[in-house]
Amino acid sequence: MKDPDVVFPHDTLETISVSEMAGLRDELEDIVERGWELIPREEPEMGWDKLQKVIRDLHYAHEVAGWDEPDPLLDSLSKLCSPPKIEIVQNRWRDPGLAVEFRDRVREFADKNELAKRGAEFQNAHRYQLAMRIAIRGAQEFADYRRRIGRLDYQDLLRLSEYGCAVPARG
2 MKDPDVVFPH DTLETISVSE MAGLRDELED IVERGWELIP REEPEMGWDK LQKVIRDLHY
62 AHEVAGWDEP DPLLDSLSKL CSPPKIEIVQ NRWRDPGLAV EFRDRVREFA DKNELAKRGA
122 EFQNAHRYQL AMRIAIRGAQ EFADYRRRIG RLDYQDLLRL SEYGCAVPAR G
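Throughout, our numbering is defined as the position within the sequence shown, counted from one, plus 1.
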């Protein structure tokens, strides 16, 4: 089913080249490695802060899937570059002073690295497109199911009237 009113940004966004990804991968690996060194091994009493959660997630993704392929790398970029503001709770880090410097470095990368931002936007747009396809397909399947069992809702009736299909009147 085509939806002319839905624009999928994935179709209009340009991804980053393989050579550009190599530089981003190196920088991202360095950021995650540095963050991993600064995070305590045991969870702080008040839990992990937002940046610690992201770094732990990225470290796991790198260890398990690696970043040699574009998809895992772009997925990791989207996790680091998508949050509006990267905040830390200093007393939850091994060295609060170094944690502030690290946060500033991550902010610089996430906010000012145009390649990283473009890769993150491309990945987020790709996710949106997939999510919309799944949602549209699910809605279609459920509408078909309701028609088969004869339990139409108001939206079904509107859609049927739009296509000129007659619904028998009760009487």
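Built from N, CA and C at the ideal position, the CB exists for glycine as well.
Quiz prompt | Burial state of residue 2 (16 or more Cβ within 10 Å) | solution = The predicted model places residue 2 with a pLDDT of 45, which falls under 50 and marks its position as unreliable, so this point remains unresolved.
Quiz item: Beta-carbon separation of residue 117 and residue 25 under 7 Å?
Solution: yes
Quiz item: Do you know offhand how far residue 41's Cα is from residue 22's?
Solution: 30 Å
Self-check item: Rounded straight-line distance, which links the Cα of residue 123 to that of residue 96
Solution: 35 Å
Practice problem: Can you grab the Cα-Cα spacing for the pair residue 121 / residue 159, in whole Å? | Solution: Just so you know, the alpha carbons of residue 121 and residue 159 end up roughly 39 Å apart.
Practice problem: Could you give the DSSP three-state label for residue 153: helix, strand or coil? | Solution: Note: residue 153 maps to coil in three-state DSSP.
Quiz item: Under a three-way DSSP split, which group does residue 37 fall into?
Solution: helix
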